[in-house]
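One structure below.
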Amino acid sequence: MKMLSEGSSFLKGLLLGALFCLLLSLLGSLSSEPQPNTEHGDDHGDDHHHHHIKAPSKEELQRMPEDLRMQLSQNVRVYCAIMVQPKILNFWATAKDTWSKHCDKAVFYTSESAKALEAVDLQEKDEWPKIRKALKHAFENAGDLRWFFLARATTFAIIENLKHLLLIKDSSQAFYMGNVVKAGELEYVEYDSGIVFSYETLRQLVRIFNDEERCPERGRALWKLSEEKELALCLKYTGVYAENGEDSRGKGLFNKKSVSALISEGLAKSPSNVVENCCPDLAVTFGGMSPNQMQVMMFGVYRLRPYGHIYHDSLIFMPPEGSDND
Numbered sequence: 198m199k200m201l202s203e204g205s206s207f208l209k210g211l212l213l214g215a216l217f218c219l220l221l222s223l224l225g226s227l228s229s230e231p232q233p234n235t236e237h238g239d240d241h242g243d244d245h246h247h248h249h250i251k252a253p254s255k256e257e258l259q260r261m262p263e264d265l266r267m268q269l270s271q272n273v274r275v276y277c278a279i280m281v282q283p284k285i286l287n288f289w290a291t292a293k294d295t296w297s298k299h300c301d302k303a304v305f306y307t308s309e310s311a312k313a314l315e316a317v318d319l320q321e322k323d324e325w326p327k328i329r330k331a332l333k334h335a336f337e338n339a340g341d342l343r344w345f346f347l348a349r350a351t352t353f354a355i356i357e358n359l360k361h362l363l364l365i366k367d368s369s370q371a372f373y374m375g376n377v378v379k380a381g382e383l384e385y386v387e388y389d390s391g392i393v394f395s396y397e398t399l400r401q402l403v404r405i406f407n408d409e410e411r412c413p414e415r416g417r418a419l420w421k422l423s424e425e426k427e428l429a430l431c432l433k434y435t436g437v438y439a440e441n442g443e444d445s446r447g448k449g450l451f452n453k454k455s456v457s458a459l460i461s462e463g464l465a466k467s468p469s470n471v472v473e474n475c476c477p478d479l480a481v482t483f484g485g486m487s488p489n490q491m492q493v494m495m496f497g498v499y500r501l502r503p504y505g506h507i508y509h510d511s512l513i514f515m516p517p518e519g520s521d522n523d
């Protein structure tokens with residue numbers, strides 16, 4: 198009996214030790230600070246905390262010469278990589294029929310082929326490896342496009358507002374952007390709100406994909422992280438950090454929630470000032486949208502207008518051929 202008791206204690210100790218090691222591994226993956234790769238000449242320091250990328254204000258645009266404004270507006274062109282699945286074909290079809298028409302190039306990426314709609318079949322079920330393959334394909338097939346937007350099929354994006362945000366940004370600078378949140382010491386961009394990459398960021402990211410030690414394709418061995426955290430960890434090894442996209446007043450432009458959810462929250466906070474508490478005028482994305490909500494958004498954003506009202510926008514973003522501009 199004594200031997201059995203000692204053996205049981207030994208097993209308990211072994212089990213507790215294993216659990217302790219697992220906990221340490223988890224904490225390490227969430228709070229670790231990978232050292233940036235300085236060979237690319239990045240100007241981010243080790244003590245970097247995400248800063249806020251703001252859209253140009255109306256006053257800034259008005260001070261800009263008209264020919265420069267027009268040149269910049271024509272240079273901002275976006276490659277949209279939209280992740281879809283055959284089992285949610287109605288979302289896929291709606292994204293194809295609505296906001297994606299306003300991308301300069303929209304490519305759908307799927308986990309398996311579907312005859313109904315055209316997409317790049319990545320032959321990959323797991324989301325993180327699928328995103329890696331999609332971003333690599335986008336980088337290799339972008340042509341002269343220098344901005345990349347990664348989104349789910351449940352995301353609704355207003356591409357003209359994204360172009361406005363990127364107008365005076367340099368795609369040769371390494372940064373990625375969206376709605377930034379923090380988990381422990383790790384700051385990352387929420388996938389559900391859409392993720393924007395500069396050309397230089399994607400170039401460095403595709404390069405680090407080849408380093409299995411720092412950026413493993415199948416994720417961390419002991420604990421599975423979400424794809425948005427895996428992405429942030431891989432980018433931190435290249436010295437690229439998450440940036441929060443905001444309007445000129447500091448209001449976030451990327452939303453993982455739908456318009457109806459944001460309005461409900463605005464009503465709860467201040468019933469007398471719902472619009473101000475809900476959404477910025479130049480919002481870029483809304484997440485968790487149903488197909489019907491996307492169709493309504495297209496009507497509200499691109500068709501409904503007060504007759505005879507003159508808009509005083511300083512920029513004109515012409516829609517790509519075939520978008521119909523709805």
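Note that the sequence shown covers residues 198 to 523 in the working numbering.
Positions of the beta carbon are idealized from the N, C-alpha and C atoms, including for glycine.
T482 sits in a strand when the DSSP states are folded into three classes. Secondary structure of Y388 (DSSP, three-state): helix.
Cα atoms of E263 and R349: separation of roughly 36 Å, rounded to the nearest angstrom. Three or more beta-carbon pairs drawn from the segment 360–373 and the segment 394–408 are found closer than 8 Å, and the two stretches are therefore classed as touching. A292 and I285 have their C-alpha atoms roughly 11 Å apart. Here P477 is near D444, since their CB atoms are less than 7 Å apart. Residue range 373–375 is occupied by the beta strand (DSSP E) that includes G375. At a Cβ-Cβ threshold of 7 Å, R274 and L342 count as neighbours. In the three-state scheme derived from DSSP, where H, G and I count as helix and E and B as strand, A335 is classed as helix. K426 is positioned such that its CB atom lies closer than 7 Å to that of Y385. If you draw a straight line from the Cα of Q259 to the Cα of V481, it comes to about 22 Å. As a beta-bridge residue in DSSP terms, W344 pairs with V275, S395. Looking at the DSSP output, F451 shares a beta bridge with T482. Non-local C-beta neighbours of K251 in its own chain, meaning closer than 6 Å and more than five positions away in sequence, comprise E443, S445, ordered along the chain. Separation of the CB atoms of K333 and V403 is rounded to 5 Å, and the pair is thereby assigned contact status at 8 Å.
Between L479 and H361 the beta-carbon gap is near 6 Å, inside 8 Å, which marks them as a contact.
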